[in-house]
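When you number the sequence shown by our numbering, it's gap-free, plus one each residue, and the end is 342.
All C-beta atoms, glycine included, are put in the ideal place defined by N, C-alpha and C.
Here the structure is a predicted model, which means the values were calculated and not measured.
Have a look at the structure below before the remarks.
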Amino acid sequence: WSSDGALPISIRNNLKTYLNSQSEFTDYNFEGSGLSVLLDILAYNTYYNSFYLNMVASEAFLDTAQVRQNILSQAKLINYVPASAHGSEAMVNIRVTPTTTENQTLNYIVLDKYTRLLGADIEGKTYPFVTVNSNTAYKSGNSFYYANVWVKQGEAITQQFLMGANNTTAKFEIPSANVDTSTLTISVQESSSNSYTEEYQLSKDITEVTSNSRVYFLEENENLNYTLQFGDGVIGYRPKNGNIVIVTYLDTNGAAANYISKFNFIDSVGGTYNGNVKVTTVQSSSTGTDKEDISKIKLRAPQVYTAQNRAVTVRDYEALIMKDYQHIDAVSIWGGEDNDP
């Protein structure tokens with residue numbers, strides 16, 4: 002580079018040396034002529050092209066790529082789907098004591114799935130949580146008591162997509178980059194006038210998929226959102242035109258919502274009670290993780306591809322455990338033949 006850092010000087014000198022060797026430019030003063038400007042332009046152009054081609058080549062390989070979209074494309078070729086963000090989970094006990102203005106006659110109440118709570122960290126910042134499952138409590142004395150209820154961080158969202166004649170790929174983009182894919186539920190309704198629905202499962206082994214398998218495929222797309230795709234009628238069943246695809250998931254804050262131990266209900270419990278609801282934390286929130294970053298994708302994608310869903314070698318176990326439990330920082334695995342004693 003030149004002294005001002007603006008010009009790839011070695012390229013310019015090489016060009017000047019070459020032109021000096023040509024008979025047409027004998028005794029020509031390159032530093033004091035208009036040709037000096039043209040040499041600068043040629044040097045710049047050569048440098049930019051070499052840099053561009055180097056970056057293009059780097060982005061074409063999983064090991065050297067730096068742009069997430071390119072890394073996703075390379076991982077897709079070996080059937081690796083990077084892990085999404087995962088909502089933090091906590092366990093709580095809930096005691097509901099009806100107030101004098103609330104219904105005193107019920108013998109049991111149901112705490113519905115996705116009933117909303119707010120969790121607050123030590124700095125007072127709040128995060129939305131929901132109940133993971135439906136729970137039933139029977140009245141004992143003058144209270145209802147739920148023991149060991151799991152709650153998960155995230156906001157429950159439902160999206161609907163119409164399967165139309167123009168959608169030849171049967172693909173739909175979920176408009177959020179923070180989907181907890183472990184909470185995805187996909188069902189297909191027959192039509193707007195027919196409420197019959199069938200639930201679809203995530204395909205994990207394509208060799209087990211038939212033309213009638215109600216499965217979907219999932220990938221992170223170039224927008225860094227998630228795309229779900231249905232089969233084509235040969236590998237997986239393809240929903241019919243006019244079907245309504247119903248997608249429910251949790252939109253999560255990932256690792257930011259770990260270590261929360263204070264919770265309060267937003268929704269009423271059982272759709273009835275909210276006057277005297279006490280939440281006691283059994284286990285503070287944990288296991289929340291952010292979306293898998295590019296360094297982990299580079300490490301894990303080849304390992305998972307090599308394992309091929311087997312659990313035979315030490316490397317197989319390491320790859321599968323690290324993929325299934327994203328909150329694990331490190332794992333040590335060895336075979337019995339290496340155990341001492």
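So what does DSSP say about residue i, is it helix, strand or coil?
{"i": "Gln230", "result": "strand"}
{"i": "Ile334", "result": "coil"}
{"i": "Asn21", "result": "helix"}
{"i": "Gly237", "result": "coil"}
{"i": "Ile10", "result": "helix"}
{"i": "Ser262", "result": "coil"}
{"i": "Arg311", "result": "coil"}
{"i": "Pro129", "result": "strand"}
{"i": "Thr282", "result": "strand"}
{"i": "Leu119", "result": "strand"}
Classify residue i as buried or exposed, calling it buried when 16 or more other Cβ atoms lie within 10 Å of its own Cβ.
{"i": "Ile123", "result": "exposed"}
{"i": "Tyr217", "result": "buried"}
{"i": "Ala166", "result": "exposed"}
{"i": "Ala91", "result": "buried"}
{"i": "Lys114", "result": "exposed"}
{"i": "Thr182", "result": "buried"}
{"i": "Leu163", "result": "exposed"}
{"i": "Phe369", "result": "Outside the displayed range of the chain (2 to 342) lies residue 369, so it cannot be described from this structure."}
With C-beta atoms as the reference, is residue i less than 9 Å away from residue j?
{"i": "Val313", "j": "Ile322", "result": "no"}
{"i": "Lys263", "j": "Gly120", "result": "yes"}
{"i": "Ala256", "j": "Tyr128", "result": "no"}
{"i": "Asn94", "j": "Val280", "result": "yes"}
{"i": "Tyr306", "j": "Asn80", "result": "yes"}
{"i": "Thr290", "j": "Ile247", "result": "no"}
{"i": "Phe145", "j": "Val97", "result": "yes"}
{"i": "Pro83", "j": "Lys297", "result": "yes"}
{"i": "Gly155", "j": "Leu78", "result": "no"}
{"i": "Leu219", "j": "Gln230", "result": "yes"}
{"i": "Thr253", "j": "Ala86", "result": "yes"}
{"i": "Leu302", "j": "Gln70", "result": "According to the sequence displayed, residue 302 carries Ala and not Leu. No. Outside cutoff."}
Per DSSP, residue i forms a beta bridge with which residues?
{"i": "Leu219", "result": "Leu229"}
{"i": "Ser287", "result": "Glu90"}
{"i": "Thr249", "result": "Thr159, Thr186"}
| Those runs of the alpha helix (DSSP H) which lie wholly inside the stretch 131-213 and span at least 4 residues | Counting only runs of at least 4 residues, the stretch 131-213 fully encloses no alpha helix (DSSP H) element at all.
| field | Ranges of the alpha helix (DSSP H) found wholly within the stretch 61-101, counting only runs of at least 4 | value | If you keep only unbroken alpha helix (DSSP H) runs of at least 4 residues inside the stretch 61-101, you get 69-78.
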